[in-house]
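K.L.:
In the working numbering, the protein residues as written are 178 to 268.
(1) Residue 217 by DSSP, collapsed to three states: which one?
(2) Helix, strand or coil for residue 259? Go by DSSP, reduced to three states.
(3) Using DSSP with H/G/I as helix, E/B as strand and the rest coil, what is residue 244?
(4) DSSP state of residue 185, grouped into three classes?
(5) Is the CB-CB distance between residue 258 and residue 207 below 9 Å?
(6) Thinking C-beta only, is residue 224 closer than 9 Å to residue 194?
(7) Closer than 8 Å is the cut-off here; do at least three beta carbon pairs connect the stretch 213 to 228 with the stretch 240 to 254?
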């Protein structure tokens with residue numbers, strides 16, 4: 178009888194959590210750039226990259242279990258400050 182592995186390793190889960198932490202950090206940096214008026218384009222670009230990292234590497238179930246609001250907030254911020262960006266729903 179073969180066993181099916183359901184649990185992820187703690188290292189994998191830690192990596193997913195770290196991706197969310199980094200996305201939150203990039204969102205905070207972009208908001209600060211908006212306040213200061215310096216480097217907003219670069220910060221929005223970094224935020225968009227990290228949003229993609231989360232979408233591509235974090236499994237959907239874990240994305241839902243983690244702070245999905247960070248993903249949505251990041252997407253809304255990018256949408257407001259990058260006119261070329263179409264948002265989560267259209268990708």
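The beta-carbon is built from N, C-alpha and C at its ideal position, and this holds for glycine as well.
P.N.:
On the basis of the coordinates in this document:
(1) helix
(2) coil
(3) coil
(4) The three-state secondary structure of residue 185, taken from DSSP, is coil.
(5) yes
(6) no
(7) yes
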